[in-house]
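Everything on this sheet refers to the single structure shown next.
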Amino acid sequence: MDNEVPSFFSQGPEKIDFKKLFGRFRVYWPWIVGSLVLSLFGGFCYLNYVDVVYNASAKIRLLEKDESEGIGEDVVKLLGKSSVNVENEIPAFTSLRLAQQTVKSGRFHVRYFDLGGFKEREVYDAPFRVLGDVALDRFAKPVSFLVNISEKGFTISNDDLGLYKEYEGFKVSKLPIQGIEIGLEMKSSVPVKEVIGTEFKVIIQSIEQAAIALNKKILVTKDGERSNVLAIDAESTDRRHAERMVDGLIEEYVKDNIKDKKRVLEQTIRFIDERFLYLAKELDSIETGKADYKSDNELFTLESYAATNLQDKREGELKEELIDQQLALVQLLLDELQQAPDSIRVLPADIGIESGGLLNRLQEYNSAVLEYERLASIVSENNPTLSVEKNSIQIMRKALVQAVESFQEQLELTRSNNRKKEERVGMAFESLPEKEQLLREIERQQGLKESLYLILLQKREEAALGIATLTPNIKIIDKAIAGMVPVSPIGSRVWAVCLIMGLFFPIGIVFIGFVIDDKVYDKEDLERLSPEIPTVGEIPFVKNYTYGQGVNDRSALGEAFRVMSANLSYAIGLNQNPGCRAMLITSSIQGEGKSFAAVQLAISYAGLGKKVLLIGADVRNPQLHNYFNVDKKEKGLTDYLLDGQEDGYQGYIQQPTPELKDNLSVMFTGEKSILNTATLFSQTKFHELIGTLRSAYDLIIVDSAPTMLVSDTLYLAKSMDHVLHIVRSGYTTKPAVKHSLAIKKQSEKITMYYALNGSSKSMKYGYANNYGYGYGY
Numbered sequence: 000m001d002n003e004v005p006s007f008f009s010q011g012p013e014k015i016d017f018k019k020l021f022g023r024f025r026v027y028w029p030w031i032v033g034s035l036v037l038s039l040f041g042g043f044c045y046l047n048y049v050d051v052v053y054n055a056s057a058k059i060r061l062l063e064k065d066e067s068e069g070i071g072e073d074v075v076k077l078l079g080k081s082s083v084n085v086e087n088e089i090p091a092f093t094s095l096r097l098a099q100q101t102v103k104s105g106r107f108h109v110r111y112f113d114l115g116g117f118k119e120r121e122v123y124d125a126p127f128r129v130l131g132d133v134a135l136d137r138f139a140k141p142v143s144f145l146v147n148i149s150e151k152g153f154t155i156s157n158d159d160l161g162l163y164k165e166y167e168g169f170k171v172s173k174l175p176i177q178g179i180e181i182g183l184e185m186k187s188s189v190p191v192k193e194v195i196g197t198e199f200k201v202i203i204q205s206i207e208q209a210a211i212a213l214n215k216k217i218l219v220t221k222d223g224e225r226s227n228v229l230a231i232d233a234e235s236t237d238r239r240h241a242e243r244m245v246d247g248l249i250e251e252y253v254k255d256n257i258k259d260k261k262r263v264l265e266q267t268i269r270f271i272d273e274r275f276l277y278l279a280k281e282l283d284s285i286e287t288g289k290a291d292y293k294s295d296n297e298l299f300t301l302e303s304y305a306a307t308n309l310q311d312k313r314e315g316e317l318k319e320e321l322i323d324q325q326l327a328l329v330q331l332l333l334d335e336l337q338q339a340p341d342s343i344r345v346l347p348a349d350i351g352i353e354s355g356g357l358l359n360r361l362q363e364y365n366s367a368v369l370e371y372e373r374l375a376s377i378v379s380e381n382n383p384t385l386s387v388e389k390n391s392i393q394i395m396r397k398a399l400v401q402a403v404e405s406f407q408e409q410l411e412l413t414r415s416n417n418r419k420k421e422e423r424v425g426m427a428f429e430s431l432p433e434k435e436q437l438l439r440e441i442e443r444q445q446g447l448k449e450s451l452y453l454i455l456l457q458k459r460e461e462a463a464l465g466i467a468t469l470t471p472n473i474k475i476i477d478k479a480i481a482g483m484v485p486v487s488p489i490g491s492r493v494w495a496v497c498l499i500m501g502l503f504f505p506i507g508i509v510f511i512g513f514v515i516d517d518k519v520y521d522k523e524d525l526e527r528l529s530p531e532i533p534t535v536g537e538i539p540f541v542k543n544y545t546y547g548q549g550v551n552d553r554s555a556l557g558e559a560f561r562v563m564s565a566n567l568s569y570a571i572g573l574n575q576n577p578g579c580r581a582m583l584i585t586s587s588i589q590g591e592g593k594s595f596a597a598v599q600l601a602i603s604y605a606g607l608g609k610k611v612l613l614i615g616a617d618v619r620n621p622q623l624h625n626y627f628n629v630d631k632k633e634k635g636l637t638d639y640l641l642d643g644q645e646d647g648y649q650g651y652i653q654q655p656t657p658e659l660k661d662n663l664s665v666m667f668t669g670e671k672s673i674l675n676t677a678t679l680f681s682q683t684k685f686h687e688l689i690g691t692l693r694s695a696y697d698l699i700i701v702d703s704a705p706t707m708l709v710s711d712t713l714y715l716a717k718s719m720d721h722v723l724h725i726v727r728s729g730y731t732t733k734p735a736v737k738h739s740l741a742i743k744k745q746s747e748k749i750t751m752y753y754a755l756n757g758s759s760k761s762m763k764y765g766y767a768n769n770y771g772y773g774y775g776y
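Quick note, the sequence shown lines up with residues 0 to 776 if you use numbering that gives the first Met the number 0.
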């Protein structure tokens with residue numbers, strides 16, 4: 000196939016003839032309108048039957064550690080870069096464990112569907128509620144049943160379970176459903192009269208299945224690249240349901256966060272309580288020993304002795320007491336770390352150790368342990384991420400032990416230096432009795448234990464107060480609010496898509512048909528395919544045309560042939576130059592109307608007073624006898640060429656039209672059939688016949704066979720002066736038109752013309768007329 004540019008491209012794709020384009024599309028307007036109506040109707044059905052989805056959105060801000068502990072936001076900003084890792088908190092919001100807690104608290108595993116409309120619609124606020132703690136196995140299939148509300152009460156049914164039972168009243172303590180214990184109760188806020196006759200479907204899922212479904216509806220994103228704000232969105236067919244899912248998720252996150260903080264503080268209190276018992280025993284022992292020692296040795300206080308030197312000694316002793324306190328606290332923490340070296344558990348966060356680096360390490364260790372426990376509740380023990388987290392905690396624990404031991408060594412070194420200083424001060428007290436020095440040592444130990452007891456008591460009170468005043472690490476900026484306009488489907492977008500599809504789908508199909516269509520439709524197509532060959536006429540398509548009107552034909556068809564005969568006369572010089580003209584009328588393929596055109600042209604020229612001879616040379620499929628209503632077996636061309644030369648041609652020519660008997664003669668195809676017509680026409684007999692006939696007629700018109708089917712026409716053309724090639728609009732292909740140039744290439748002396756048959760301007764350009772003619776070859 001010769002892929003040509005569609006004819007509405009005038010001189011290439013860059014110049015579009017919109018008039019032609021509109022004209023061709025106009026023919027298909029019923030299909031385009033029908034497609035548009037169908038598409039819009041589909042959009043109407045879609046908007047009325049698809050589930051309407053609403054989106055609820057909330058915003059929270061993750062607080063800095065100091066903010067959540069009471070320090071102002073401005074102070075936190077002054078301290079530098081944010082320490083909040085927002086990316087680590089997003090998986091916490093989307094974790095299955097948190098989703099399960101949200102499902103349990105909001106009872107999202109119990110779903111209600113209203114069956115009162117054209118289709119079932121999920122509702123969050125049903126007029127009744129399901130009672131009982133429903134706990135299905137995680138792999139169990141959902142349980143469903145129908146609830147019909149009548150004047151008497153509830154009617155419960157399930158065809159699959161063979162369940163159908165009517166209850167009087169609007170409270171059922173236990174439903175006869177195997178495996179679960181649930182009941183039904185009408186909400187007190189619902190007027191019973193308003194819901195009588197309604198029917199609902201209840202579906203109960205397992206907590207795990209509902210949590211997975213909830214996670215698919217939740218979207219957590221950062222509100223800005225460097226922002227600590229998270230946007231939490233949820234979609235549902237019910238606005239209140241969407242809002243409750245988001246608010247419930249935030250509430251459970253807050254509870255979970257406070258629970259983690261509470262565990263650390265409770266561990267601190269437990270640790271201090273255990274040390275209280277130990278310190279109480281030691282204090283009792285020291286107090287008793289001191290009293291006994293003083294009683295046995297009759298010792299009294301020495302404040303009045305050497306007041307000037309005692310001040311320096313006391314300062315050294317106080318400093319050593321502080322160091323001993325820190326050493327005791329460090330030893331307690333070290334004992335806690337070494338008690339179970341392979342266990343993973345939180346450690347006391349603040350027991351009075353005065354080392355910022357060590358406290359930071361403790362906080363990092365506890366955060367890692369909490370994250371490990373949170374991850375362990377979600378994934379299996381063999382999960383690679385869990386193993387990596389466990390190894391990281393073990394490494395952090397070893398590093399923490401080393402840090403504690405290092406701090407302990409620093410304290411001992413400081414105590415050693417302080418004791419050396421005390422020795423220098425103690426030179427002044429060498430004169431004191433040895434018993435008084437021993438008493439001082441007892442009192443110093445007593446003071447150390449008392450101060451340690453007071454520090455632990457203070458830290459315990461701080462931890463208890465911390466539990467009572469725990470705050471989450473988030474601040475709710477906006478609670479969940481669902482918009483009044485649904486996010487899906489968007490009506491304007493659906494109508495726009497339907498409008499575009501309804502218009503452009505049929506237009507696209509038609510346009511593709513135009514592009515792949517290789518038919519010839521108008522004169523411009525012919526001129527574009529063969530610009531060197533002129534088109535002398537266009538024969539319109541006329542419905543219900545009555546043949547046989549002859550020269551009196553005043554129809555549009557008859558007028559078109561008269562115009563074409565005038566154009567041909569001027570082109571071939573019929574009126575200007577004397578002598579006979581021999582014209583071959585042919586086409587590319589069968590059914591293009593060449594025989595009809597030959598007959599009509601012959602009548603037109605005869606009506607103008609020209610002596611015309613019409614010869615039927617289409618031996619294989621003769622058609623002229625049908626137009627003149629004569630017998631197909633009438634003698635004609637084949638009879639003359641085979642055995643009629645001696646008798647002359649007059650006996651093979653007839654005048655079938657009485658009104659034109661003086662001007663129109665016809666030599667029909669003949670009675671005898673010939674198998675090898677190419678051999679017959681390639682001989683000189685036909686050429687001699689044409690030469691003989693030229694002296695008797697002004698115009699000889701030869702109706703020949705199609706050029707693409709047989710080679711007869713190529714031999715006949717050698718005896719012709721002109722060739723008129725008939726092209727049928729919407730029927731003849733473009734490659735067939737190019738094939739017709741073979742006749743022109745055979746002889747440069749032959750002039751060739753095109754005539755377009757069956758032209759319909761209403762189809763091409765949108766003009767309204769009644770042109771047309773029905774025929775077939």
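All C-beta atoms in this analysis are idealised placements derived from N, C-alpha and C, irrespective of residue type, glycine included.
Only a predicted model underlies this, so the values are computations on that prediction, with no experimental measurement involved.
So, helix, strand or coil for residue i, using DSSP?
i    : result
N756 : strand
K19  : helix
P539 : strand
I249 : helix
N157 : strand
S149 : coil
D73  : The predicted position of D73 is uncertain, since its pLDDT is 46 and thus under 50; a value taken from the coordinates is nonetheless stated next. Here D73 sits in helix by DSSP.
E167 : coil
S430 : In this predicted model, S430 has a pLDDT of only 47, less than 50, meaning its place in the structure is not dependable; the value taken from the coordinates is given anyway. S430: coil per DSSP, three-state reduction.
Q204 : coil
Q266 : helix
A601 : helix
Take residue i as the anchor and find which of the options has the nearest alpha-carbon.
i    : options                : result
F127 : V191, L97, R459        : V191
E526 : K733, G635, T683       : K733
A91  : Q204, S56, I377        : I377
E461 : A348, Y648, A704       : A348
I195 : E165, N147, V219       : N147
V142 : G116, S156, E150       : S156
E537 : F560, L528, V171       : F560
Q208 : P175, I392, K103       : K103
L61  : Y111, T220, G507       : T220
V796 : N628, E316, M500, I454 : Past the edges of the chain, shown from 0 to 776, lies residue 796, and the structure says nothing about it.
List the whole-angstrom C-beta distance separating residue i from residue j, where the pair is believed to meet the contact cut-off of C-beta under 8 Å.
i    : j    : result
L332 : I350 : 7 Å
A481 : N54  : 7 Å
I652 : T706 : No, I652 and T706 are not in contact; Cβ-Cβ is about 26 Å, not under 8 Å.
A98  : A210 : 4 Å
I584 : I699 : No, I584 and I699 are not in contact; Cβ-Cβ is about 11 Å, not under 8 Å.
K474 : I59  : 7 Å
L636 : T656 : Not really, about 19 Å apart at Cβ, beyond 8 Å.
Y48  : F112 : Between F112 and Y48 the Cβ distance is about 15 Å, and since that is not below 8 Å, they are no contact.
Using a Cβ-Cβ cutoff of less than 7 Å, which residues in the same chain neighbour residue i once the five nearest sequence positions on both sides are dropped?
i    : result
R239 : Y123, D124
K216 : A233, E234, S235, M244
V189 : P126
Provide the residue(s) that pair with residue i in DSSP beta bridges, ordered along the chain.
i    : result
R864 : Outside the displayed span of the chain (0 to 776) sits residue 864, for which this structure offers no information.
R120 : D113
A55  : A233, A481
S568 : Its beta-bridge partners do not exist; DSSP assigns none.
V228 : R60
Which same chain residues end up closer than 8 Å to residue i when comparing Cβ atoms and leaving out the 5 residues on each side of it in sequence?
i    : result
E281 : K448
K632 : E670
D630 : H624
I392 : I343, Y364, A367, V368, Y371
Q745 : L713, A716, K717
V329 : I352, V403, F406, Q407, L410
For residue i, which residues in the same chain have their Cβ closer than 6 Å to its Cβ, ignoring the five residues on either side in sequence?
i    : result
E165 : T154
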